[in-house]
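Undergrad: Residue 1 is where the sequence shown starts when you use my numbering, and the numbers rise one by one after that.
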Amino acid sequence: MRHARRRVVRRVTRLAAVGGLLLGGAMAAQAAMASETPPASARPLRSAGAEGGPGAALVARLGTARTAGSWLGADGRPVVAVTDERAARTVRGAGAEAKVVAHSMDELKSATGTLSSAPRVAGTAWAVDYRTNRVVVRADRTVSAADWSRMSRVASGIGGFVHMERTKGAFTARLNGAQPILSTGGRCSAGFNVTDGQRDFILTAGHCGPAGSTWFADNGGDRRLGTTVNSAFPGSDFSLVRYDSGRAGPGADVVAVGGGKGVRITGAADPSVGQRVFRSGSTSGLHDGRVTALNATVNYPEGTVTGLIETDVCAEPGDSGGPLFSEGVALGVTSGGSGDCTTGGTTFFQPVTKALTALNVRLLVSAGNAGGGQGAASSPAPSAPASRGAAAPSAASPGSAAPVTGGDEGRTLLARLTDTRTVGPGLLVVAGSLIALVATRYIRSEQDRRAYQRHYSATWG
Numbered sequence: 001m002r003h004a005r006r007r008v009v010r011r012v013t014r015l016a017a018v019g020g021l022l023l024g025g026a027m028a029a030q031a032a033m034a035s036e037t038p039p040a041s042a043r044p045l046r047s048a049g050a051e052g053g054p055g056a057a058l059v060a061r062l063g064t065a066r067t068a069g070s071w072l073g074a075d076g077r078p079v080v081a082v083t084d085e086r087a088a089r090t091v092r093g094a095g096a097e098a099k100v101v102a103h104s105m106d107e108l109k110s111a112t113g114t115l116s117s118a119p120r121v122a123g124t125a126w127a128v129d130y131r132t133n134r135v136v137v138r139a140d141r142t143v144s145a146a147d148w149s150r151m152s153r154v155a156s157g158i159g160g161f162v163h164m165e166r167t168k169g170a171f172t173a174r175l176n177g178a179q180p181i182l183s184t185g186g187r188c189s190a191g192f193n194v195t196d197g198q199r200d201f202i203l204t205a206g207h208c209g210p211a212g213s214t215w216f217a218d219n220g221g222d223r224r225l226g227t228t229v230n231s232a233f234p235g236s237d238f239s240l241v242r243y244d245s246g247r248a249g250p251g252a253d254v255v256a257v258g259g260g261k262g263v264r265i266t267g268a269a270d271p272s273v274g275q276r277v278f279r280s281g282s283t284s285g286l287h288d289g290r291v292t293a294l295n296a297t298v299n300y301p302e303g304t305v306t307g308l309i310e311t312d313v314c315a316e317p318g319d320s321g322g323p324l325f326s327e328g329v330a331l332g333v334t335s336g337g338s339g340d341c342t343t344g345g346t347t348f349f350q351p352v353t354k355a356l357t358a359l360n361v362r363l364l365v366s367a368g369n370a371g372g373g374q375g376a377a378s379s380p381a382p383s384a385p386a387s388r389g390a391a392a393p394s395a396a397s398p399g400s401a402a403p404v405t406g407g408d409e410g411r412t413l414l415a416r417l418t419d420t421r422t423v424g425p426g427l428l429v430v431a432g433s434l435i436a437l438v439a440t441r442y443i444r445s446e447q448d449r450r451a452y453q454r455h456y457s458a459t460w461g
């Protein structure tokens, strides 16, 4: 009986060691293959001018002294604001709708320049409203009566086309998206996955934390994601979080929209005024609205940020850094705003194209949409943004659906062990299994030798 138990133990030990060798080899091989063939490819920026469609092309052709911006009408047709009838005929001849206005873009931009040079007042924001041909200045509830009066005098000195209005909420950076990322400074959202060709990063809001901030994927601080390596705020509002593993992993081209669902991202572009857009955030989920202005300026308490996308999409604290997109095209990351998703409000976004250019990184998209990979020339994505074509903006959708992956929740033990980052542990398992095999062989030999000695002594002693 004792010998039978020993045989069973030896067999079990050998099987465990052999299994360890196979598993360790699979782990190392899986990691090696993943390092050679990442699941997502980099997509160069698509031309912002081309994304603007015929309206932007007409503005560029006629010049800012004779035009005052373009936007999408309710039927999806481009509308171009012009200052004279000759320019209007050119616009109509190109198949777009013309609207004759009193003030050119040069005048409107001069007005915003005057506002920027005035003493800064936290809680204010302004942008050019193309459709009403005026500059709209907003002041939130934190702006005092004295500051409101002073800004009103500045606006009056510019001209009657500068419109002043109060908002109920407060303009704040939405610290605390799609997938939550956490640090000691608070909670923010992962915006989009990007790469510099060597390592992968999360593109998120700059106000979420300065360079050196450490980010985790859980409240307990057990699942470390990476570290902020580049951050711009105020002035702009974007930052890069470098993955500790170096890779974004499976699902790098998908942004979460809630309920385990996601949207596949196919490229990056600039939006158009009037375009229907979608925003996802960990606090308030998926919401949609319209782009109301471009190149907006916001005076947050922490500082002034310029060049933002203004929308009527709602957002709440916790949504910062989350993605703005339409038809699967990345447009921006959530910066801040006023109001909430109960009463509504105004939300501002850092344009993703400007952030990618400034950081010298490229968007990660699925290999099927990469247009030839990281070195590919710019090419249209399969799903075009809502700003193109004659379809009404209301017909726009977030993009093609995709399952959300990432994190350890719901993963099998085998999936965790064969993670692309486990080449080191895999080799350790191989080494441990080899040691176990050698030890088993030694123990068996030693047991056999002692048994022989006992038998010899009993027979000849």
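We put the CB at the ideal spot given by N, CA and C, even for glycine.
1) Can you tell me where the alpha helix (DSSP H) holding residue 154 begins and where it ends?
2) Looking at C-alpha atoms only, which residue of 163, 298, 193, 152 is the closest neighbour of residue 204?
3) Check this for me: beta carbons of residue 321 and residue 333, under 8 Å apart or not?
4) Give me the Cα-Cα distance between residue 95 and residue 351, rounded to the nearest whole angstrom.
5) Tell me the start and end of each unbroken beta strand (DSSP E) in the region 61 to 95 that is at least 3 residues and wholly inside, in chain order.
6) Where are the beta strand (DSSP E) runs, 3 residues long or more, that stay fully inside the region 301 to 375, in chain order?
7) Do residue 215 and residue 240 count as a contact pair if the criterion is CB distance below 8 Å?
8) Leaving out the 5 sequence neighbours to the left and right, which residues in its chain are closer than 8 Å to residue 55 when beta-carbon positions are compared?
9) Return helix, strand or coil for residue 200, following the three-state DSSP convention.
10) What distance in whole Å lies between the Cβ atoms of residue 275 and residue 393, which are believed to be in contact at a cut-off of 8 Å?
11) Which whole runs of the beta strand (DSSP E) in the region 201 to 250 are 3 residues long or more, in chain order?
12) Using a Cβ-Cβ cut-off of 6 Å (strictly less than) and excluding sequence neighbours within five positions of residue 179, which residues of its own chain qualify?
13) Taking 8 Å as the limit between beta carbons, can you name the residues of its chain near residue 58, skipping five residues before and five after?
14) What does DSSP give as the partner residues of residue 140 in its beta bridges?
15) Would you say residue 347 and residue 269 are within 8 Å of each other, going by their C-beta atoms?
16) Who are the near neighbours of residue 421 in its chain, counting only those whose CB is closer than 6 Å to its CB and skipping five residues on each side?
17) For the beta strand (DSSP E) containing residue 261, name the first residue and the last one.
18) Tell me whether residue 280 sits in a helix, a strand or coil according to DSSP, three-state version.
19) Taking residue 343 as the reference, which of 286, 144, 168, 358 has the closest Cα?
20) Would you kindly check if the distance between the Cβ of residue 252 and the Cβ of residue 331 is under 8 Å?
21) Could you say which of 135, 218, 349 lies nearest to residue 308 if we only look at CA atoms?
22) Could you tell me the boundaries of the beta strand (DSSP E) in which residue 117 lies?
23) One question on the structure: do residue 311 and residue 291 come within less than 8 Å of each other, judged by their Cβ atoms?
24) Checking 8 Å against the spacing of the C-beta atoms, do residue 336 and residue 171 come in under that value?
25) Identify the continuous beta strand (DSSP E) that holds residue 253 and give its terminal residues.
26) When DSSP labels each residue in this structure, what does residue 274 get in the three-state scheme?
27) What does a CB cutoff of less than 6 Å around residue 460 pick up in its chain, not counting 5 residues either side in sequence?
28) Given a cut-off of 8 Å on the beta-carbon distance, is the pair residue 262 and residue 402 in contact?
29) Assign residue 129 to buried or exposed, taking buried as 16 or more other Cβ atoms, counted over all protein chains shown, within 10 Å of its Cβ.
30) Nearest to residue 209 by CA position, among 232, 222, 218, is which residue?
31) Could you compute how far the alpha carbon of residue 362 sits from the alpha carbon of residue 356?
32) Just the C-alpha distance for residue 297 and residue 303, rounded to the nearest angstrom, thanks.
33) Over the uninterrupted beta strand (DSSP E) stretch that includes residue 462, give me the two end residues.
34) In three-state terms, what does DSSP make of residue 38?
35) Taking residue 287 as the reference, which of 266, 360, 325 has the closest Cα?
36) Going by DSSP, what residue range makes up the beta strand (DSSP E) through residue 125?
TA: From the atom records:
1) Residue mapping note: residue 154 aligns to position 154 of the sequence shown, counting from 1. 145 to 158 is the span of the alpha helix (DSSP H), which, as asked, contains residue 154.
2) For the purposes of this step, residue 204 is identified with residue 204 of the sequence shown, where counting begins at 1. Nearest option by C-alpha distance: 193.
3) Counted from its first residue, the sequence shown places residue 321 at position 321. Counted from its first residue, the sequence shown places residue 333 at position 333. Between residue 321 and residue 333, the gap from beta carbon to beta carbon is short of 8 Å.
4) Taking the sequence shown and counting its residues from 1, the one referred to as residue 95 is at position 95. Taking the sequence shown and counting its residues from 1, the one referred to as residue 351 is at position 351. If I take the Cα positions, the gap works out to 28 Å.
5) Positions of the beta strand (DSSP E) runs, each at least 3 residues long and wholly inside the region 61 to 95, are given as 67 to 72, 78 to 82 in order along the chain.
6) 303 to 311, 323 to 326, 329 to 337, 347 to 351, 362 to 366
7) For this step, residue 240 is matched to residue 240 along the sequence shown. For this step, residue 215 is matched to residue 215 along the sequence shown. No; because the gap between Cβ atoms is not below 8 Å, this pair is not in contact.
8) Within the sequence shown, numbered from 1, the residue matching residue 55 stands at position 55. The answer, listed in chain order, is 70, 71, 72, 78, 79, 80, 96, 272.
9) Counting from 1 along the sequence shown, the entry for residue 200 is found at position 200. Residue 200: strand per DSSP, three-state reduction.
10) Taking the sequence shown and counting its residues from 1, the one referred to as residue 393 is at position 393. Taking the sequence shown and counting its residues from 1, the one referred to as residue 275 is at position 275. Indeed, because the Cβ distance is near 6 Å, the residues count as touching under 8 Å.
11) 214 to 216, 224 to 232, 238 to 243
12) Residue 179 sits at position 179 when you count from the first residue of the sequence shown. If we look at residue 179 and ignore the five residues flanking it on each side, its Cβ neighbours are 190, 256.
13) Locating residue 58 in the sequence shown gives position 58, where the first residue counts as 1. In chain order, 67, 70, 78, 80, 90, 91, 94, 96 place their CB closer than 8 Å to the CB of residue 58, counting only its own chain and leaving out the 5 sequence neighbours on each side.
14) If you number the sequence shown from 1, residue 140 lands on position 140. BP columns for residue 140 are empty, so no partner.
15) Translated into positions along the sequence shown, residue 347 becomes position 347. Translated into positions along the sequence shown, residue 269 becomes position 269. For residue 347 and residue 269, no; Cβs fall outside 8 Å.
16) Mapped onto the sequence shown, residue 421 falls at position 421. Note that residue 421 scores a pLDDT of 41, beneath 50, so its modelled location is shaky; the value from the coordinates is reported in the next line. So the list reads 245, once near-sequence residues are dropped.
17) The residue labelled residue 261 in the question sits at position 261 within the sequence shown. Element bounds for residue 261: 261 to 264.
18) In the sequence shown, the residue the question calls residue 280 occupies position 280. Residue 280: strand per DSSP, three-state reduction.
19) Position 343 of the sequence shown, counting from 1, holds the residue named residue 343. It is 168.
20) Start at 1 with the first residue of the sequence shown, and residue 331 comes out as number 331. Start at 1 with the first residue of the sequence shown, and residue 252 comes out as number 252. Their beta carbons are not under 8 Å apart, which means residue 331 does not touch residue 252 by this criterion.
21) As a first step, residue 308 must be located in the sequence shown, where it is residue number 308. Comparing Cα-Cα distances from residue 308 to each of 135, 218, 349, the minimum goes to 349.
22) For the purposes of this step, residue 117 is taken as the residue at position 117 of the sequence shown. That residue, residue 117, is in no beta strand (DSSP E); its alpha helix (DSSP H) goes 105 to 117.
23) Counting from one through the sequence shown, the residue named residue 311 turns up at place 311. Counting from one through the sequence shown, the residue named residue 291 turns up at place 291. Closer than 8 Å, so yes.
24) Working through the sequence shown from its first residue, we reach residue 336 at position 336. Working through the sequence shown from its first residue, we reach residue 171 at position 171. Yes; because the gap between Cβ atoms is below 8 Å, this pair is in contact.
25) Against the sequence shown, residue 253 aligns to sequence position 253. Per DSSP, residue 253 belongs to no beta strand (DSSP E) and is neither H nor E.
26) On the sequence shown, residue 274 is found 274 positions in, with the first residue counted as 1. It is coil, neither helix nor strand.
27) Numbered from its first residue, the sequence shown carries residue 460 at position 460. For residue 460, the pLDDT reaches just 45, beneath the cut-off of 50, and the residue's location in the model is therefore unreliable, although a value from the coordinates is still provided. Once the five neighbours on either side are set aside, residue 460 has no close Cβ partner at all.
28) Residue numbering aside, residue 262 sits at position 262 when the sequence shown is read from its first letter. Residue numbering aside, residue 402 sits at position 402 when the sequence shown is read from its first letter. Taking 8 Å as the Cβ cut-off, residue 262 and residue 402 qualify as a contacting pair.
29) Counted from its first residue, the sequence shown places residue 129 at position 129. Taking all protein chains in view, the Cβ of residue 129 is crowded by 16 or more other Cβ atoms within 10 Å, so the residue is classified as buried.
30) Start at 1 with the first residue of the sequence shown, and residue 209 comes out as number 209. Ranking 232, 222, 218 by Cα distance to residue 209 puts 232 first.
31) The count along the sequence shown starts at 1 and reaches residue 362 at position 362. The count along the sequence shown starts at 1 and reaches residue 356 at position 356. Straight-line Cα distance between these residues: approximately 6 Å.
32) Start at 1 with the first residue of the sequence shown, and residue 297 comes out as number 297. Start at 1 with the first residue of the sequence shown, and residue 303 comes out as number 303. One C-alpha to the other measures close to 11 Å.
33) Nothing in the structure corresponds to residue 462, since the chain is present only between 1 and 461.
34) Residue 38 sits at position 38 when you count from the first residue of the sequence shown. Here residue 38 scores only 38 on pLDDT, less than 50, and its place in the model is too uncertain to base an answer on.
35) Counted from its first residue, the sequence shown places residue 287 at position 287. It is 325.
36) As a working note, residue 125 is residue 125 in the sequence shown. Residue 125 -> beta strand (DSSP E) spans 124 to 129.
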